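What follows is a single structure, written as structure tokens, with notes after it.
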Amino acid sequence: MALKIFFYISLFLSIIFYFLPIESLKDSMKKEDRAIFIFENPTMYTLDEESLSKKIVSKQAVKYKTRDELYFADINIYNKDIKKEFNKENLKAEFIEKKGEKYYLSNRVKYKRDEYIKFNTNELFFDNTKKIARNTQFFDAMYYDNFYSGTNLYFDMNTNYIKSRRTHFIIEPEKKDKK
1 MALKIFFYIS LFLSIIFYFL PIESLKDSMK KEDRAIFIFE NPTMYTLDEE SLSKKIVSKQ
61 AVKYKTRDEL YFADINIYNK DIKKEFNKEN LKAEFIEKKG EKYYLSNRVK YKRDEYIKFN
121 TNELFFDNTK KIARNTQFFD AMYYDNFYSG TNLYFDMNTN YIKSRRTHFI IEPEKKDKK
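Encoded structure:
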């Protein structure tokens, strides 16, 4: 009799454990996102058919499955369009998260296009495919010799269209040499 009870309990438990979803238990014990590669002091180049298109220098680069993280990074994106009147764009920040061609920059962010457009802020979202930079925090900028500051920056780099909120301009008139 005890053998029959043991057999039925074992059969009952095996049927329950067979249909119990193991995957949901694994999902509930969510593993942390682990780094695939960690590079110290890397210099990374992106080349196309013609020449160098991007150069990235950082103190540390961490490669995850879906994103890259760069610490104390300096990114140079070189202009390929002959119609545009600049040579390169430069992005610097203490932390950069890169997902595809979209960048999130934080902590002492600096954007520079040659020597005539410069932005300083603590946060910047940069889309390299659409060529749009935006943020939600305070920024200050220089456009040629003119000072510009505000919040909620939107900068379309294709058309050089800039808009923001709480804007403040200081426009310097051209200085002419008097003889």
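The opening residue of the sequence shown carries number 1 in UniProt numbering; numbering runs sequentially from there. Ideal Cβ placement from N, Cα and C applies to all residues, glycine included. Here the structure is a predicted model, which means the values were calculated and not measured.
Could you check how far apart the C-beta atoms of K54 and Y78 are, in whole angstroms? I think they sit under 8 Å.
-> 7 Å
Classification of K83 by the beta-carbon crowding that lies within 10 angstroms, buried from 16 upward = exposed
Reduced DSSP category for L20 - H, G, I as helix; E, B as strand; rest coil | coil
Closest residue to E40 among L13, L70, S51 and L11 (Cα-Cα distance) = L70
Short check: CB of T136 to CB of N152, under 8 Å?
-> yes
By how many angstroms is the C-alpha of S58 removed from the C-alpha of K92?
-> 9 Å
Determine the contact status of M142 and K163, defining contact as a CB-CB distance below 8 Å.
-> no
Are D145 and E172 touching if we call contact CB-CB under 8 Å?
-> yes
Cross-strand partners of S149 (DSSP beta bridge) = D140 and H168
Buried or exposed for R113, please, with buried defined as at least 16 other CB atoms from any protein chain shown within 10 angstroms of its CB.
-> buried
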